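Here this note's numbering is used: the first residue of the sequence shown is 6, the next is one more, and so on. Ideal placement from N, C-alpha and C gives every residue a C-beta, glycine not left out. Computed from a predicted model, the values in this text were never measured in an experiment.
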Amino acid sequence: MLENIKNQNVLFAIILRANYKKNGIKFFTDRDISLQLGYMNRPKGYQIDPHFHKKIEKIVNATNEALFIKSGKVKVDFYDNKKKYFASKILKKGDVVLLIKGGHGFKMLEKSEMIEIKQGPYINDAGKVIFKSTKK
Numbered sequence: 006m007l008e009n010i011k012n013q014n015v016l017f018a019i020i021l022r023a024n025y026k027k028n029g030i031k032f033f034t035d036r037d038i039s040l041q042l043g044y045m046n047r048p049k050g051y052q053i054d055p056h057f058h059k060k061i062e063k064i065v066n067a068t069n070e071a072l073f074i075k076s077g078k079v080k081v082d083f084y085d086n087k088k089k090y091f092a093s094k095i096l097k098k099g100d101v102v103l104l105i106k107g108g109h110g111f112k113m114l115e116k117s118e119m120i121e122i123k124q125g126p127y128i129n130d131a132g133k134v135i136f137k138s139t140k141k
């Protein structure tokens, strides 16, 4: 299953659930999102020819991040660009969330392992705006 997390028709995140299944290849992100999220399901023997990616200059104005839940259960709270809470979702083992806009916070509902992917370099908290939750 695929879930688009929207607030006032603006896409803030995409959740790809562990149970999503489709043949072939599917990308879920528009070309203007700097971190692309795709899914591939190929049969045994399918081959992707050896390749590398051309050096292309790109301008990145925002840090997107993707989290893969390796184990456990995680609650994600979503906030708009004005730091106002608008939704929560529970992620389980095998789920992936691509965070595109706004703010987000996490609570581990079980002991959890996550793999995070985002544009580098990693600069600790220097690249973040930390704020208090407006969630009731």
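How about residue i and residue j: are their beta carbons less than 8 Å apart?
i    : j    : result
A71  : F83  : no
L21  : L7   : yes
K80  : K112 : yes
K98  : G77  : yes
L96  : A18  : no
G108 : K88  : yes
G29  : N46  : yes
Taking Cβ positions only, does residue i come closer than 8 Å to chain C?
i   : result
R22 : Any reference to chain C falls outside this structure, which holds one protein chain only.
Based on DSSP bridge pairs, tell me the residues matched to residue i.
i    : result
N9   : I19
Y90  : Y84
H109 : F83
V101 : L21, F73
Going by alpha carbons, who is nearest to residue i out of the options?
i    : options              : result
S117 : G125, K88, F17, D100 : D100
Y90  : T139, I30, L16       : T139
K75  : E115, Y51, I38, K60  : E115
I38  : V65, Y127, Y51, A23  : V65
E121 : N24, N69, N86, N28   : N69
G125 : N24, Y51, A67        : A67
N12  : N86, F32, Y51, R36   : N86
When we look at the beta-carbon of residue i and count the other beta-carbons within 10 Å, is it buried (16 or more) or exposed?
i    : result
K26  : exposed
V102 : buried
K60  : exposed
K49  : exposed
K106 : buried
Query raised in the report: Counting Cβ pairs, one atom from each stretch, are 3 or more of them under 8 Å apart for the region 126-137 and the region 51-61?
Result: no
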